[in-house]
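What follows is a single structure, written as structure tokens, with notes after it.
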Amino acid sequence: VVVLSSEAHRAGPIKLEHLTEEDFIPLFFQPVTEQTFKSNYVQYSLSNRARVYFAKELIVRHPELTAVSLHPGAVNTGLARDQGGVFKCIFAMFKPCLKTPEDGAGTTVHCATAELPPQENGGYFIDAKEATLKDGDVIPAVQTKLWDVTIGVVQQTGAEIDDKIYAELFSHHFEIFGFCSCCVLSTYTFNL
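Heads up, the sequence shown is in the working numbering, so the first residue is 115 and it goes up one at a time.
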């Protein structure tokens, strides 16, 4: 399982006390109500941190699987085309330095096709190499609680879902892409 994340995860700490509040729904499950660069970036950072946690927790719960998260690099995908103001100016200035979509896919392809050694299972990759996560980037208690909270949020929608369903889904080598947090996915691409 290859989970697309970003270096932006470093700016998005998820705190255990936020996940233990009654009726708490994490910010990245909620729609962005204030369309500002700061609110969008906070949500983006939090969702990317959750993706790193997802890959790590998936192998804890299902050690028979291989799961990694990765940063594809700064890629010229058109993702920022609808941003305005300062962000649009910054994007235009750095556009010549951005990777092509083909180059940006390199780490994803590597992680999806390489025979990774067991010690790299659950790892975080940049430029097709395992990158070191800093102390505090991953907190196992938060990782576990976030998975459980995510299951609860999904179940609030009326979906019947549990770890067994996720294991079944991933064991059939489905590729899943999208803005995800732990197990919540907003878009799906299934390659049967």
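Even for Gly, the Cβ is constructed at its ideal location relative to N, Cα and C. Predicted, not measured: the structure shown is a model, and the values here were computed from it.
Where Val252 is concerned, there is no enclosing beta strand (DSSP E), because DSSP gives it neither an H nor an E. Rounded to whole angstroms, the gap between the alpha carbons of Thr246 and Tyr238 is 7 Å. Rounded to the nearest angstrom, the Cβ distance from Ser183 to Val156 is 19 Å, too far for a contact under 8 Å. Spanning the alpha carbons of Glu171 and Gly126 requires a straight line of approximately 18 Å. In this structure, DSSP gives Ile240 an extended state, which the three-state scheme calls strand. DSSP, read as helix, strand or coil, puts His224 in helix. Leu260 is positioned such that its CB atom lies closer than 8 Å to that of Leu133.
Rounded to whole angstroms, the gap between the alpha carbons of Val263 and Asp196 is 32 Å. A residue is called buried when at least 16 other Cβ atoms come within 10 angstroms of its Cβ; Gly236 meets this threshold and is buried. When the Cα atoms are used, Val200 and Lys209 turn out to be separated by approximately 14 Å. Under the DSSP assignment, Leu184 falls in the beta strand (DSSP E) whose first and last residues are 182-185.
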